[in-house]
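Colleague: Below is the structure I would like to discuss, written out as structure tokens.
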Amino acid sequence: MNSGYTQLTALFADDSRAAKAILTLRDTGWSVADVHGPIPSEAISKALGVKKSMVGWFTLLGGVMGFFLGYFLAVFTATRWDLMVSGKPVLSYVPFFIVGFEFTILFAVFGNVLGLILLARLPAYQDLPHRVTRCASDRFGVVVDCDVSKQQELQAILTQLGAEVPEESATGGES
1 MNSGYTQLTA LFADDSRAAK AILTLRDTGW SVADVHGPIP SEAISKALGV
51 KKSMVGWFTL LGGVMGFFLG YFLAVFTATR WDLMVSGKPV LSYVPFFIVG
101 FEFTILFAVF GNVLGLILLA RLPAYQDLPH RVTRCASDRF GVVVDCDVSK
151 QQELQAILTQ LGAEVPEESA TGGES
């Protein structure tokens, strides 16, 4: 064994046990590196302390900018190229709201995609994290960082928390 660190993967039958294990591990000073599961779990997200996504603010900003851009584009077009129809006013507000609404949707989508790309830090040119294939159907896997010297202690804690046979999932470099 090297003198670096290792990661142990603990498998749990349901998300509530995994969330309880995450809270216990974090309270006792262990570092939870990753969590794998077959479905999204709000209990696990709360246990990890995941904050609400900021992508919605990008969507809102894009939508507001799109509305004003679309509205002012319609106003600009109407004032530059007068099209008199039956004596109606050149600046008719109701039709301009339709253009503003369409631009709202378009730019909200652009803002949403841009926010997703920026906040997810895409593209990620680094190696993909270790994938736990046993968590693809019915198990939740909690990956915990530890020193090689404390591996037995962590295995005992994970077993005590109800994990199915904690196993080594990856080996780190020298520390």
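Residue numbers for the sequence shown follow full-length UniProt numbering, so the first one is 1 and each next one is one higher.
Note that beta-carbon positions come from the ideal geometry of N, C-alpha and C, so glycine has one too.
Taking the alpha-carbon of Leu119 as reference, which of Ile44, Arg26, Phe58 and Ala18 has the nearest alpha-carbon?
Modeller: As a first step, residue 119 must be located in the sequence shown, where it is residue number 119. Answer by Cα proximity: Phe58.
Colleague: According to DSSP, simplified to helix, strand and coil, what is Ala18?
Modeller: Numbered from its first residue, the sequence shown carries residue 18 at position 18. Note: Ala18 maps to helix in three-state DSSP.
Colleague: Where DSSP assigns a beta bridge to Ser31, which residues make up the other side?
Modeller: The sequence position of residue 31 within the sequence shown is 31, counting from 1. Its beta-bridge partners are Asp145.
Colleague: Cutting at 6 Å between CB atoms, please list the residues of its own chain near Arg139, excluding the five before and the five after it.
Modeller: Mapped onto the sequence shown, residue 139 falls at position 139. Once the five neighbours on either side are set aside, the close Cβ partners of Arg139 are Leu11.
Colleague: Considering only residues of the segment 95 to 133, which uninterrupted beta strand (DSSP E) runs meet the minimum length of 3 residues and lie entirely inside it, listed in chain order?
Modeller: The segment 95 to 133 contains no whole beta strand (DSSP E) run of 3 or more residues.
Colleague: Give me the Cβ distance between Thr104 and Gly66, rounded to the nearest whole Å; I'm assuming they're in contact under 8 Å.
Modeller: Translated into the one-based positions of the sequence shown, residue 104 becomes position 104. Translated into the one-based positions of the sequence shown, residue 66 becomes position 66. That pair is a contact at about 5 Å.
Colleague: Within a Cβ cutoff of 7 Å, which residues of the same chain sit near Val113, ignoring the five residues on either side of it in sequence?
Modeller: As a first step, residue 113 must be located in the sequence shown, where it is residue number 113. None.
Colleague: Once the 5 residues before and after Pro123 are set aside, which same chain residues still bring their CB inside 6 Å of it?
Modeller: Here residue 123 is taken as the residue at index 123 of the sequence shown, counted from 1. There are no such residues.
Colleague: Can the beta-carbon of residue 177 be found closer than 8 Å to that of Asp14?
Modeller: Nothing can be reported for residue 177: it is not among the residues displayed for the chain, which extend from 1 to 175.
Colleague: Rounded to a whole number of angstroms, what is the C-alpha to C-alpha distance between Ser137 and Ala18?
Modeller: Along the sequence shown, read from residue 1 onward, the residue named residue 137 stands at position 137. Along the sequence shown, read from residue 1 onward, the residue named residue 18 stands at position 18. The straight-line gap from Cα to Cα measures roughly 15 Å.
Colleague: Can the beta-carbon of Ser41 be found closer than 8 Å to that of Val144?
Modeller: Counted from its first residue, the sequence shown places residue 41 at position 41. Counted from its first residue, the sequence shown places residue 144 at position 144. Result no, Cβ atoms of Ser41 and Val144 do not sit closer than 8 Å.
Colleague: Going by the beta-carbon positions, is the gap between Leu158 and Leu8 smaller than 8 Å?
Modeller: Numbered from 1 along the sequence shown, position 158 holds the residue referred to as residue 158. Numbered from 1 along the sequence shown, position 8 holds the residue referred to as residue 8. Yes; because the gap between Cβ atoms is below 8 Å, this pair is in contact.
Colleague: Report, in whole angstroms, the separation of the C-beta atoms of Gly111 and Leu61, which I expect to be a contact under 8 Å.
Modeller: Here residue 111 refers to the residue found at position 111 of the sequence shown. Here residue 61 refers to the residue found at position 61 of the sequence shown. At roughly 6 Å, the Cβ-Cβ gap stays under 8 Å, so Gly111 and Leu61 are in contact.
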